[in-house]
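Peer 1:
Residue numbers (my numbering): -1 to 206.
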């Protein structure tokens, strides 16, 4: 199935994991380490009710506080600096719902999917820093297409193709295995975060 179809059919846990995985891979843009969102992953593995004020909401606020303290650029600074990738990552975090209802996390997961693909396109040297508001039709179409095969993909830069594969894989793991698929989903996200961290590091060196 396509990414769009997988999001449409996912349950609450799968949607929350999908949005969280997108945010987790983009944490390097906010100055976060590999563990800052781990408590949120833990809440998805528990059987606690996804209600306001539950473990998810509490851990979300803790993660926001930690990332706000670490983030090298506040939203106004990021906007003023024209750093669209950082701004998109901050908005993903800000939009995370306190209530893990299917309706709210579906909207968040879909928005995170688009934002993360935009971030990867912005950071890919092959895209030459194209602005987020010039998102080509090709990026919309890849979300409606199936999982791209490994290697170069038509109409997609390498970073975007890799991110698309990871988004689809996370949703497939949760759809096929439920809570048992969370560990593998986390591993997929960790791999993507390492890729993006390397890209962010090269980007920072290029600004010096």
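Think of the CB as a built atom: it goes at the ideal place given N, C-alpha and C, for glycine as much as any other residue.
Suppose you measure from the CA of residue 8 to the CA of residue 1; what does that come to, to the nearest Å?
Peer 2: Position 10 of the chain shown, counting from 1, holds the residue named residue 8. Position 3 of the chain shown, counting from 1, holds the residue named residue 1. One C-alpha to the other measures close to 10 angstroms.
Peer 1: Should residue 139 be labelled buried (16 or more other beta-carbon atoms within 10 Å of its own) or exposed?
Peer 2: For the purposes of this step, residue 139 is taken as the residue at position 141 of the chain shown. Flag for residue 139 reads exposed.
Peer 1: Out of 84, 185, 4 and 17, which one is the CA nearest neighbour of residue 30?
Peer 2: Numbered from its first residue, the chain shown carries residue 30 at position 32. Comparing Cα positions, the closest option is 84.
Peer 1: Leaving aside the five residues before and after residue 202 along the sequence, list all residues of the same chain whose C-beta is less than 7 angstroms from its C-beta, in chain order.
Peer 2: Your numbering for residue 202 matches position 204 in the chain shown. Within the same chain, residue 202 has no close Cβ partners at all.
Peer 1: By a C-beta neighbour count over all protein chains shown, 10 Å radius and 16 as the cutoff for buried, is residue 118 buried or exposed?
Peer 2: As a first step, residue 118 must be located in the chain shown, where it is residue number 120. So residue 118 counts as buried.
Peer 1: DSSP three-state label for residue 154, please.
Peer 2: The residue you call residue 154 lines up with position 156 of the chain shown. Residue 154 sits in a strand when the DSSP states are folded into three classes.
Peer 1: Considering only residues of the same chain and omitting the five flanking positions on each side of residue 186, which have a CB-CB separation below 8 angstroms?
Peer 2: Taking the first residue of the chain shown as position 1, residue 186 is located at position 188. Within the same chain, residue 186 has close Cβ partners 19, 164, 167, 168 and 171.
Peer 1: Please name the residue in 16, 155 and 109 whose C-alpha comes closest to that of residue 42.
Peer 2: On the chain shown, residue 42 is found 44 positions in, with the first residue counted as 1. The shortest C-alpha separation from residue 42 is found at 16.
Peer 1: For residue 62, which three-state DSSP category applies?
Peer 2: Against the chain shown, residue 62 aligns to sequence position 64. Three-state DSSP puts residue 62 in a helix.
Peer 1: Which full runs of the alpha helix (DSSP H) of 4+ residues lie inside the stretch 175 to 205, going along the chain?
Peer 2: 180 to 205
Peer 1: From 143, 179 and 199, pick the residue whose C-alpha is nearest to that of residue 4; which is it?
Peer 2: Here the question's residue 4 lines up with position 6 in the chain shown. Selected option, being the one with the closest Cα: 143.
Peer 1: Buried or exposed: residue 174, going by 16 or more other Cβ atoms within 10 Å of its Cβ?
Peer 2: Here residue 174 refers to the residue found at position 176 of the chain shown. Residue 174 is exposed by the Cβ-count criterion.
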